[in-house]
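Asks:
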Amino acid sequence: RFLSEARAVGRLNHPHVLTVHEVASSDGVDFLVMEYASGGSAADHLKNIGPYSPVKATLILEQACRGLTVAHQNGLIHRDIKPANLLVVGDDIVKVSDFGVVKFIGRDNLGMTQQGQLVGTPCYMSPEQCESRPVDERSDVYSLGATYFSLLVGRMPYEEEKTFVSVMHAHLNADPPDPRDWSDEIPEGCRQVILKAMAKRPEDRYQSAEEMRNALALLLSEMTLPAGMVAGDAPQLGASIQLAPGIQLKSSQKMIKWVIGGVLAAVFLLFAFLPINFDKSQTGETEEEKILPAATEQEPIRIGILHSLTGSLAISEEVIVDSYELAIAEINRNGGVLGRPVKAVIRDGQSKDAVFAAQATELIDVDKVCTIFGCCTSASRKAVKEVVEAKHHLLVYSVNTEGVEMSPNIIYLGGDPQQTIIPFLNWAYSWGKKRTFFLVGSDYIFPHVVNDIAKKELEFLGAELVGEEYLSLEASDVSDVVEKIEAAKPDAIINMITGDSQTIFLRELDRRNIETTQFATGIGEEVLRRIDHNPLIENYSCCTYFQSIPTEANQKFVHDFREMHGEYRVLMSSMEAGYVAVHLWAAAVNELGTLDPIRIREAMLKQTVAGPSGKVSIDPESQYSIRNGFIGKATPSDQFEIVWQSPEPIRPEPFPDYRTETEWNEFLDEHYRAWGNSWTAPVE
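If you read the sequence shown in our numbering, its first letter stands for residue 29, the second for the next number, and so on.
#1: For Gln673, I'd like the list of residues in its chain whose CB is within less than 7 Å of its CB, leaving aside the five on either flank, ordered along the chain.
#2: Compare the C-alpha of Leu87 against each of Leu172, His476, Gln635, Glu669 and name the closest.
#3: Work out the CA separation of Val506 and Asp519 for me, nearest whole Å.
#4: Thinking Ser406 and Phe474 are a contact (beta carbons under 8 Å), I'd like their distance in whole angstroms, please.
#5: Taking the beta carbon of Gly431 as the centre, do at least 16 other beta carbons fall within 10 Å, making it buried, or is it exposed?
#6: Taking its Cβ as the centre, do 16 or more other Cβ atoms sit within 10 Å of Thr97, making it buried, or is it exposed?
#7: So what's Ser236 in DSSP terms, helix, strand or just coil?
#8: Three or more C-beta pairs closer than 8 Å, one from the segment 166 to 186 and one from the segment 218 to 227: is that the case here?
#9: Short of 7 Å in beta carbon distance, which residues of its chain neighbour Asn76, apart from the five on each side in sequence? Order them along the chain.
#10: Can you give the beta carbon distance from Gly469 to Met524, rounded, assuming they're within the 8 Å contact cut?
#11: If I measure Cβ to Cβ from Asn305 and keep anything under 6 Å in the same chain, skipping five residues before and after, which residues do I get?
#12: Arg361 to Glu591, Cα distance in whole Å?
#13: Report yes if the C-beta distance between Ala456 and Val415 is below 7 Å; otherwise report no.
#14: In three-state terms, what does DSSP make of Asp376?
#15: Which residues in the same chain as Lys410 place their Cβ atom closer than 8 Å to its Cβ, once the five residues preceding and following it in sequence are excluded?
#16: Between the C-alpha atoms of Met603 and Val347, what's the straight-line distance to the nearest angstrom?
#17: To which residues does DSSP link Asn523 through a beta bridge?
#18: Give me, in chain order, the residues of the same chain whose beta-carbon lies closer than 7 Å to that of Ile343; leave out the 5 immediate sequence neighbours on both sides.
#19: Does the Cβ of Asn113 have 16 or more other Cβ atoms within 10 Å, making it buried, or fewer, making it exposed?
#20: By Cβ distance, which residues of its chain are closer than 8 Å to Ala385, with the 5 residues on each side in sequence left out?
#21: Distance, Cα to Cα, Tyr152 vs Ile109?
#22: Looking at the unbroken beta strand (DSSP E) that takes in Asp571, where does it start and where does it end?
#23: To test your reading of the DSSP string, which unbroken alpha helix (DSSP H) runs of 4 or more residues are found completely within the segment 391 to 427?
#24: Is the closest heavy atom of the ligand NAP to the C-beta of Ile329 under 6 Å?
#25: Classify Asp212: buried if its beta carbon has 16 or more other beta carbons within 10 angstroms, exposed otherwise.
#26: What is the DSSP secondary structure of Ile348, reduced to helix, strand or coil?
#27: For the candidate residues Pro79, Lys123, Gln91, whose alpha-carbon lies nearest to that of Ser66?
#28: Provide the residue span of the beta strand (DSSP E) that contains Gln673, from first to last.
#29: In this structure, how does DSSP classify Phe683 when only helix, strand and coil are distinguished?
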């Protein structure tokens, strides 16, 4: 089997097949030198985080189809496709691995497996594999369908069966598993792909991996159309979305399609996990050909949307894009802005600060947007800050901020520490009677600044700090940090974790059954859905919005959002702030009558919106929002029960007065230099 894998993979040279660099021997031990899969496997993600979103699962399968297509073209049948053999390398590139049980089409058995021997992993094996019958590429197609089910649902097909024999019997006799039995949010198209790929008879399946890949491309193209449309329909009035070259926003179920020139069925996928080529001469398409028809015949007003749609931060950011879309749809239904439709140009920051800066430049110079809405971390915001300041442009930032920054080119609409962590700590100390605290956060500038502010407030209150730890944004192993928390036995954890590692951290706390109270800025309703409710752990969140706010305005917001994006979707503070941001911007432009970014900023400072969370306005001195603060306690229903609300909107304080502004800038510079001129700490 060892030499088989070496020979098989050595014949393949493809971006979606794991590379074998060398076959060698040392002291009688044979070994392979293979490409390093830094991102682990799809199985690791399912174990540590849970199921993928439909778009991510589909994009993973599309890349696997590409890798298997070249293998099949070289006469190789994999025979062991499963999530554990789909590895992630570099920038979210998925590669097929483990060709150790490969079958060579048109050859004798080669002595690799005995006649009639069972080869593969039972939970993903085709019926013909289960019966040790001859297999061809359609057997791999079946395993791809079974793998797709796992990526969407987070469990193996026929997992309810108790033995391998009963699992194989199910593969032979039971109906293909229906992913919608586990989640109504999974699109019907995904179900249809699985049913066809996992048909019992090979002739009823996709006849090749290439055919299945094309079906996945068509599925994504259909899912990205506005709600109520099918392929070929005329566009309906609503949100107008322009694609940055390579990307399109889905309007009804939080999908993204990826665009390349060429064959229509495949145009949506190639750059999903690859660096995006923005040279339009390579695609043969003009920019206008990538624009959905406007709500009116007038030239649309373009705004830029810049968030991570791939990478470790996608879980936190892609949902914010949906809230922009709702606001755009509402504005366009009411006549647009200045009588013109609003059109969003979407670009992917890929969870990388440098990419955010590059994409901001493209939005301004190439796409000619008048305002950028986006960024989710302080590090990406600071990277874009340099761009908008140099180009005299405008960024509207809708996520909680650490403060200690004021830029004339940024509107800060998320909550600042005065609206979040300060009331949080005072409530925990006074009402929750917490006296010892452990600080944990992601290792970039936001948690370091907010924790510094928190430590000063804890000192003022007379509380004790018993620990402080940080996790990289890419962290998948949090056991060391959790062990330190377990040893310190704090009354409360202050949690400033962002991205995928938040879910991993919460699950590790739950696994260890640590009895504690946790106060977090990054736990929203979407995160609660990914973890089990543990009565030993009291989870609180401090933010500027909860879905459970019992006002008529919020109930309408939730209803309208779900009507557009799905009945079971949940909302969190960054989504509400993004929705409010677009409406504030629209009111400003309508009043102003021009699209000059700096004048838009000046007009936005004069606006007030009655949003889902209450009245929101902007402090003209700092350009930070003036808004309500809330504290919520997580419930078993994956919502927050509001336990505290500010009596009136709270004014921001970007630079807490225990340091001067100069001292705060020195504090920031120290971290920036220590991290190698970056706002994110290097991964050790």
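Heads up, the beta-carbon is just placed ideally off N, CA and C, and yes, glycines get one too.
Replies: Taking the geometry as given:
#1: In the sequence shown, residue 673 corresponds to position 645, counting from 1. Setting aside the 5 residues that flank it on each side, Gln673 is surrounded in the same chain by Asn656, Phe658, each with a C-beta closer than 7 Å to its C-beta; the list follows chain order.
#2: On the sequence shown, residue 87 is found 59 positions in, with the first residue counted as 1. Taking only the C-alpha atoms, the option nearest Leu87 is Leu172.
#3: Here the question's residue 519 lines up with position 491 in the sequence shown. Here the question's residue 506 lines up with position 478 in the sequence shown. Cα to Cα, the separation comes out at about 20 Å.
#4: Locating residue 406 in the sequence shown gives position 378, where the first residue counts as 1. Locating residue 474 in the sequence shown gives position 446, where the first residue counts as 1. At roughly 4 Å, the Cβ-Cβ gap stays under 8 Å, so Ser406 and Phe474 are in contact.
#5: Here the question's residue 431 lines up with position 403 in the sequence shown. Gly431 is buried by the Cβ-count criterion.
#6: Looking up residue 97 in the sequence shown gives position 69. In the assembly as shown, Thr97 is a buried residue. Its beta-carbon has 16 or more other beta-carbons within 10 Å.
#7: Position 208 of the sequence shown holds residue 236. DSSP places Ser236 in coil when its eight states are reduced to three.
#8: With three or more CB-CB distances shorter than 8 Å, the segment 166 to 186 counts as touching the segment 218 to 227.
#9: On the sequence shown, position 48 is the one that residue 76 refers to. For Asn76, where only same-chain residues beyond five positions count, the Cβ hits under 7 Å are Ser504, Ile532.
#10: Within the sequence shown, residue 469 is the residue found at index 441, counting from 1. Within the sequence shown, residue 524 is the residue found at index 496, counting from 1. About 3 Å separates the two Cβ atoms, so the contact holds.
#11: The residue labelled residue 305 in the question sits at position 277 within the sequence shown. Because the pLDDT of Asn305 is 33, which lies under 50, any placement of that residue in the model is unreliable, and the question is left without a value.
#12: As a working note, residue 361 is residue 333 in the sequence shown. As a working note, residue 591 is residue 563 in the sequence shown. So the alpha carbons of these two residues sit roughly 15 Å apart.
#13: Numbered from its first residue, the sequence shown carries residue 456 at position 428. Numbered from its first residue, the sequence shown carries residue 415 at position 387. Their beta carbons are not under 7 Å apart, which means Ala456 does not touch Val415 by this criterion.
#14: Translated into positions along the sequence shown, residue 376 becomes position 348. Of the three classes helix, strand and coil, the one that applies to Asp376 here is strand, per DSSP.
#15: As a first step, residue 410 is located in the sequence shown; it is residue number 382 there, counting from the start. Scanning its chain for C-beta atoms nearer than 8 Å, with the 5 sequence neighbours on each side dropped, one finds around Lys410 the residues Asp381, Glu433, Ile473, Trp707, in chain order.
#16: By one-based count along the sequence shown, residue 603 stands at place 575. By one-based count along the sequence shown, residue 347 stands at place 319. Between Met603 and Val347, the C-alpha separation is close to 7 Å.
#17: The residue you call residue 523 lines up with position 495 of the sequence shown. Beta-bridge pairing links Asn523 to Val468, Ala548.
#18: Position 315 of the sequence shown, counted from the start, is the residue given in the question as residue 343. So the qualifying residues of the chain are Gly527, Asp528.
#19: Within the sequence shown, numbered from 1, the residue matching residue 113 stands at position 85. By the 10 Å Cβ count, Asn113 comes out buried.
#20: Stepping through the sequence shown from its first residue, residue 385 is reached at position 357. Setting aside the 5 residues that flank it on each side, Ala385 is surrounded in the same chain by Ala411, Val412, Glu414, Val415, each with a C-beta closer than 8 Å to its C-beta; the list follows chain order.
#21: By 1-based counting over the sequence shown, the position of residue 152 is 124. By 1-based counting over the sequence shown, the position of residue 109 is 81. Roughly 7 Å between the two C-alpha positions.
#22: In the sequence shown, residue 571 corresponds to position 543, counting from 1. At residue 571 the sequence reads Cys, which differs from the Asp that was named. 565 to 571 is the extent of the beta strand (DSSP E) around Cys571.
#23: Counting whole runs of 4 or more residues, the segment 391 to 427 contains the alpha helix (DSSP H) stretches 406 to 418.
#24: Only the bare structure without any ligand can be found here, which leaves the ligand NAP out of the picture.
#25: Translated into positions along the sequence shown, residue 212 becomes position 184. Counting Cβ neighbours within 10 Å, Asp212 comes out exposed, since fewer than 16 surround it.
#26: Residue mapping note: residue 348 aligns to position 320 of the sequence shown, counting from 1. Helix.
#27: Counting from 1 along the sequence shown, the entry for residue 66 is found at position 38. It is Lys123.
#28: Translated into the one-based positions of the sequence shown, residue 673 becomes position 645. Here the beta strand (DSSP E) through Gln673 covers 668 to 673.
#29: Indexing the sequence shown from 1 puts residue 683 at position 655. Residue state, collapsed to three classes: coil.
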